[in-house]
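All letters in the sequence shown, in the order written, are residues 7 to 123 by the working numbering.
Ideal placement from N, C-alpha and C gives every residue a C-beta, glycine not left out.
Just so it is clear, the structure is predicted and the values come from calculations on it, not from any experiment.
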Amino acid sequence: FVIIPEKQAPTGEVPAQVKEAQEYILDEISLNKAYRTCITVTQSSYHGTCSAGCLAQLDTFLRANIPFGYEMACEVCDTALSCANLQFPLDKSVYTDSIFISRQPVTKVLRVYFYEK
């Protein structure tokens, strides 16, 4: 006898470990004054990615909290639309969550993406 696992159909739900990581990361960023200040002073010359200038500290924090088996990407934008030219694998599910970070008169959107390795 041979048992072969059947591939499960996608349910559309965010995996528990990804959801927990997203909630933790976004909560920590929203409560950390240094991260919030960095996000609101970010120049558009960074093209949205979270790895340039003072955002490198944020990128380090994000990478330290990636769920096992996943990769991540991050962007900081002036609008709700994506502003970074991020490339994701076409054969993998991509899970995203975002928050608004505001300090008068500046409002930015921080978006975090997770996808399987």
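How long is the line joining the alpha carbons of residue i and residue j, rounded to whole angstroms?
i                 : j                : result
alanine 79        : valine 112       : 23 Å
phenylalanine 120 : phenylalanine 74 : 11 Å
glutamate 81      : isoleucine 10    : 40 Å
valine 24         : leucine 96       : 19 Å
leucine 61        : tyrosine 41      : 8 Å
cysteine 83       : tyrosine 101     : 18 Å
For residue i versus residue j, is the C-beta spacing smaller than 8 Å?
i              : j          : result
isoleucine 45  : lysine 114 : yes
glutamine 63   : valine 118 : no
isoleucine 105 : leucine 37 : no
My output table needs one value for residue i: the three-state DSSP class, helix, strand or coil.
i          : result
leucine 92 : coil
serine 99  : coil
lysine 114 : strand
Let's test the definition: count the other Cβ atoms within 10 Å of the Cβ of residue i and tell me whether it reaches 16, buried, or not, exposed.
i          : result
leucine 68 : buried
Practice item. Could you tell me which uninterrupted alpha helix (DSSP H) segments, each at least 4 residues in length, are contained entirely in the stretch 8-87, listed from first to last along the chain? Key: 22-37, 39-47, 61-70
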